[in-house]
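> Numbering (this note's numbering), first residue to last: 6 to 565. First, the structure itself, so that you have it in front of you.
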C-alpha cells in the first residue's frame with residue numbers, strides 16, 4: 006500500500022554516466038519489486054541483493070523468466086497507420102525520412118502525471134490527451150516551439166494532428182494577462198521564453214493549413230490578437246520598430262536554446278515577421294481585414310528596419326547587441342529565418358547561405374554560431390534550427406547544398422549510437438551536447454521529414470486544409486521520387502523521374518481542390534496532359550493551374 010515514488014516516476018537524468026541502484030527493492034514469495042519507472046535503451050537483468058535489505062532479500066537463489074514484454078505507450082507506427090510516405094532514388098534519404106517519423110512516433114503519447122517532466126509539469130488540463138512531447142524520454146513535456154518541426158513531420162506521415170491541436174489549445178488556455186504565452190506546462194506554465202509565443206502563432210497557422218481546422222483557429226483567434234497586439238508591442242523599441250529583448254519584462258527571458266543574447270536580435274525579429282504574415286493570412290480567411298492589414302504593414306516595417314542589423318562586410322546578419330554596438334557574431338537561426346521569412350532578398354539570401362557554408366560547417370552539421378563571442382556555441386549543432394537553414398537553401402534553389410547539409414547532419418546521427426533516432430543537440434566532436442542528459446530521440450530534430458516531402462517531392466499547402474496546394478519539386482541530385490501527403494479531402498500523390506531525355510511528373514489531387522504545379526525546365530518542350538504548353542518560365546520553372554479529382558501528367562522533353 007505504500008507509494009514508493011511520490012508523484013512522477015521520472016528522475017532527473019544526470020549529466021555524467023552513472024549506475025542507478027534500486028534502494029527500495031523487495032522480495033515477496035515468488036515476486037520482486039523495484040521503485041519507480043526509469044527510461045532505458047538497453048536493459049540487463051541479473052540476480053543480486055543488497056546487504057542492507059536483509060532479512061527481506063537473499064543473495065542466492067534462482068529466477069525463472071517465462072517471458073518479457075514492453076509497454077510501448079508511444080504511437081506505434083506500422084504499414085497500416087502511415088497516411089503519407091516518401092521514397093526516392095537515394096536509399097539514405099529514404100531511411101532518414103522513416104527514422105524521423107519513428108522518432109516522432111515515440112514522442113507522440115498520452116499525457117500522464119506518472120511519467121512527465123518532474124519539474125512541476127504535471128498538468129491536469131492535459132492528462133489523458135494525446136500530445137506531442139519534446140522527447141520520448143526527456144523532458145516528456147510538450148513544448149510549442151518544438152512543434153514547428155515535429156508537427157510538420159506528423160502532418161505528412163500519420164493521422165495524429167490531434168496531438169498538436171491539444172498542445173496548442175492548452176498553451177492558449179494558459180495565456181498571461183499581458184498576452185505572453187507559456188512554452189509548455191513546465192514550472193506550472195511559467196518558464197520565461199521570449200520566442201515561443203511567436204512559434205505558437207506559426208504552429209497554429211501550420212495546423213490550419215495542413216488540417217483546415219476552422220473551429221480551432223476561430224476559438225483561439227483572440228489569443229493570437231492578444232499576443233501580437235499586446236505582448237510584443239510592449240517589447241518593441243519605438244525608435245527602430247524592432248523587437249528588443251531588453252524592454253518590458255523580457256530582460257531575463259530565454260529562448261529555445263537559452264542563448265544569452267539581448268537587444269534587437271535578428272532571430273526574434275525574423276520570426277516576428279513570419280508570425281505577423283501567418284496571422285495576417287489567418288485574419289483574411291476569417292474576414293478580419295483590419296487586423297490583416299495592420300499585421301502585414303507591421304511585418305513590412307520590421308523587415309525594412311532589419312536592414313540596420315545586416316553586416317555588409319560579412320554578407321550576413323549580426324546577432325543582437327553587445328552593449329551599444331552589434332555583437333560581432335552571426336547566428337544560424339536569424340540568418341536562416343531572414344530567408345524563410347522573405348526579409349532577405351535573393352542577393353542577400355545567396356550571400357548569407359554562402360557565409361553559413363564557409364563559417365558554420367562542421368562534420369556533423371552546421372553550427373549555431375561562427376564564433377564564441379557570446380558563449381561556447383560555435384561547435385554546437387541543433388537539427389531543430391538547421392531545418393530552417395535547409396529550408397532556406399531549398400527555397401533559394403540551392404538543392405544540392407541543402408542535400409549536402411542533410412547528409413552531413415543526418416548521416417552523422419545515423420552512424421552514431423543509437424543510429425535510428427534524431428538527437429536534441431550535437432556538441433563538440435559530434436558528441437551529444439549535454440552528455441547523458443541529452444535527449445537522443447527528439448521530435449524537433451526530425452526536419453528531414455518535411456524537408457524531403459515539401460521540397461524533394463514538392464507538396465505544400467497554399468490554402469487552409471489543402472483547399473489549394475502546390476507541387477514544385479526541387480530535385481538536386483535525386484533522380485526520382487514518389488510519395489503521398491494526406492489532406493482532409495483525400496491524399497495528394499506525386500511521382501517524378503528524370504533521365505537524359507527529360508523530366509516526367511505525375512500529380513493526383515483530391516476532388517474539390519485546386520493546385521499549381523511547377524515543373525523544372527532547363528530547356529526543351531513542356532507538355533501538360535500530352536498537350537504542348539508555351540508558358541512563361543520563372544526562375545527555371547513553368548507553373549500550371551490544375552483541378553483536383555484526377556491524375557495529371559507533365560513532361561519536359563529536353564532538346565539535344
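Note that beta-carbon positions come from the ideal geometry of N, C-alpha and C, so glycine has one too. Fair warning: this is a prediction, and the values are worked out from it, not measured in the lab.
State whether the stretch 111-128 contacts the stretch 519-526, with contact taken as three or more CB pairs (one from each stretch) at a distance under 8 angstroms.
Too few Cβ pairs lie closer than 8 angstroms, so no.
> Just list the beta strand (DSSP E) runs in the stretch 469-543, keeping only unbroken ones of 3 residues or longer that don't cross its boundaries, in chain order.
The qualifying runs are 473-476, 485-490, 497-503, 507-513, 519-525, 530-533, 536-538.
> CB residue 390 to CB residue 546, shorter than 9 angstroms?
Numbered from its first residue, the chain shown carries residue 390 at position 385. Numbered from its first residue, the chain shown carries residue 546 at position 541. No; because the gap between Cβ atoms is not below 9 angstroms, this pair is not in contact.
> With burial defined as no fewer than 16 other Cβ atoms inside 10 Å of the residue's Cβ, what is the status of residue 53: buried or exposed?
Counting from one through the chain shown, the residue named residue 53 turns up at place 48. Label assigned to residue 53: exposed.
> Quick check: the stretch 192-201 against the stretch 479-494, are there 3 or more CB pairs under 8 angstroms?
No contact exists between the stretch 192-201 and the stretch 479-494.
> Based on the DSSP secondary-structure assignment, which residues constitute the bridge partners of residue 179?
The residue labelled residue 179 in the question sits at position 174 within the chain shown. Looking at the DSSP assignment, residue 179 forms no beta bridge with any residue, so it has no partner.
> Do the stretch 363-372 and the stretch 443-451 make contact, defined as three or more Cβ pairs closer than 8 angstroms?
No, the stretch 363-372 does not touch the stretch 443-451.
> Going by CA-CA distance only, name the one from 386, 432, 453 that's closest to residue 408.
The residue you call residue 408 lines up with position 403 of the chain shown. Among 386, 432, 453, the Cα nearest to that of residue 408 is on 453.
> Measuring alpha carbon to alpha carbon, tell me which of 439, 266, 184 ends up nearest residue 377.
Against the chain shown, residue 377 aligns to sequence position 372. Comparing Cα positions, the closest option is 266.
> Check the C-beta distance from residue 141 over to residue 204 and give it rounded, since I have them as a contact under 8 angstroms.
Looking up residue 141 in the chain shown gives position 136. Looking up residue 204 in the chain shown gives position 199. Their Cβ separation, rounded to whole angstroms, is 21 angstroms, which puts residue 141 and residue 204 out of contact at 8 angstroms.
> Classify residue 464 as helix, strand or coil using the three-state DSSP reduction.
As a first step, residue 464 is located in the chain shown; it is residue number 459 there, counting from the start. Three-state result, residue 464: strand.
> With a cut-off of 8 angstroms, do at least 3 Cβ pairs link the stretch 248-262 to the stretch 157-176?
No: fewer than three Cβ pairs fall under 8 angstroms.
> Can you check which of these residues, 216, 182, 339, is closest to residue 239 by C-alpha distance?
By one-based count along the chain shown, residue 239 stands at place 234. Ranking 216, 182, 339 by Cα distance to residue 239 puts 182 first.
> So, for residue 278: in the same chain, excluding its five sequence neighbours on each side, which residues have a beta-carbon less than 7 angstroms away from its beta-carbon?
By 1-based counting over the chain shown, the position of residue 278 is 273. Cβ neighbours of residue 278 beyond the five flanking positions: 304, 307, 308, 346, 348.
> Using the Cα positions of residue 322 and residue 223, report the straight-line distance between them to the nearest angstrom.
Taking the chain shown and counting its residues from 1, the one referred to as residue 322 is at position 317. Taking the chain shown and counting its residues from 1, the one referred to as residue 223 is at position 218. Looking at the two C-alpha atoms, the distance is approximately 36 angstroms.
> Using CA coordinates, which residue listed in 236, 163, 426, 105 is at the minimum distance from residue 85?
Walking along the chain shown from the start, residue 85 turns up at place 80. Ranking the options by Cα distance to residue 85, first place goes to 163.
> Start and end of the alpha helix (DSSP H) containing residue 110?
Here residue 110 corresponds to residue number 105 of the chain shown, with the count starting at 1. Run containing residue 110: 96-112, per the alpha helix (DSSP H) assignment.
> Counting only the same chain and skipping the five closest in sequence on each side, list residues whose C-beta sits under 6 angstroms from that of residue 481.
The residue given as residue 481 occupies position 476 in the chain shown. 404, 405, 408.
> With 16 other CB atoms within 10 Å as the buried threshold, where does residue 91 fall?
For the purposes of this step, residue 91 is taken as the residue at position 86 of the chain shown. Residue 91 comes out buried.
> Sort 319, 320, 315 by Cα distance to residue 326 and report the nearest one.
One-based indexing of the chain shown puts residue 326 at position 321. When only C-alpha atoms are compared, the closest one is 315.
> Determine the DSSP secondary structure at residue 269, reduced to helix, strand or coil.
As a working note, residue 269 is residue 264 in the chain shown. Correct three-state label for residue 269: coil.
> Identify whether residue 559 lies in helix, strand or coil by the three-state DSSP scheme.
Taking the chain shown and counting its residues from 1, one reaches residue 559 at position 554. Three-state result, residue 559: strand.
> From the DSSP output, read off the bridge partner residues of residue 371.
Position 366 of the chain shown, counted from the start, is the residue given in the question as residue 371. The partner list for residue 371 (beta bridge, DSSP) reads 366.
> Using a Cβ-Cβ cutoff of less than 6 angstroms, which residues in the same chain neighbour residue 538 once the five nearest sequence positions on both sides are dropped?
For the purposes of this step, residue 538 is identified with residue 533 of the chain shown, where counting begins at 1. Closer than 6 angstroms at the Cβ level, and outside the excluded window around residue 538, lie 531.
> Using DSSP with H/G/I as helix, E/B as strand and the rest coil, what is residue 210?
As a working note, residue 210 is residue 205 in the chain shown. DSSP places residue 210 in helix when its eight states are reduced to three.
> What are the start and end residues of each continuous beta strand (DSSP E) run of 3 or more residues lying completely inside the stretch 111-159, in chain order?
You should have 113-115, 135-137.
> Do the stretch 96-108 and the stretch 415-424 meet, that is, are 3 or more Cβ pairs less than 8 angstroms apart?
The stretch 96-108 vs the stretch 415-424: in contact.
> For the pair the stretch 428-435 and the stretch 460-473, tell me if three or more CB-CB distances fall below 8 angstroms.
Contact fails: fewer than three Cβ-Cβ distances are below 8 angstroms.
> Since I believe residue 495 is in contact with residue 515 (beta carbons under 8 angstroms), could you give me their beta-carbon distance rounded to a whole number of angstroms?
Translated into the one-based positions of the chain shown, residue 515 becomes position 510. Translated into the one-based positions of the chain shown, residue 495 becomes position 490. Right, their Cβ atoms sit about 3 angstroms apart.
> With H, G and I counted as helix, E and B as strand and the rest as coil, what does DSSP make of residue 288?
Translated into the one-based positions of the chain shown, residue 288 becomes position 283. Helix.
> Quick one: residues in its chain with C-beta nearer than 8 angstroms to the C-beta of residue 83, no 5 flanking neighbours on either side, listed in chain order?
Within the chain shown, residue 83 is the residue found at index 78, counting from 1. No residues qualify anywhere along the chain.
> Output needed for residue 399: all residues of its chain with C-beta closer than 6 angstroms, excluding positions within five of it in sequence on either side, in chain order.
Sequence index remark: in the chain shown, residue 399 carries index 394 (1-based). Correct list, in chain order: 407, 460, 479.
> Using a 10 Å radius around the Cβ and a threshold of 16 neighbouring Cβ atoms, would you call residue 77 buried or exposed?
Reading the chain shown from its first residue, position 72 is the one you call residue 77. Per the 10 Å Cβ criterion, exposed.
> Skipping 5 residues on each side, what residues in its chain have a beta carbon closer than 7 angstroms to that of residue 95?
Along the chain shown, one-based indexing puts residue 95 at 90. Answer for residue 95: 483, listed in chain order.
> Counting Cβ pairs closer than 8 angstroms, one from the stretch 230-248 and one from the stretch 357-366, do we hit at least three?
Because the criterion of three Cβ pairs below 8 angstroms is not met, the stretch 230-248 and the stretch 357-366 do not touch.
> Let me know the secondary structure DSSP gives residue 73 once reduced to three states.
Counting from one through the chain shown, the residue named residue 73 turns up at place 68. Residue 73 falls in the coil class under three-state DSSP.
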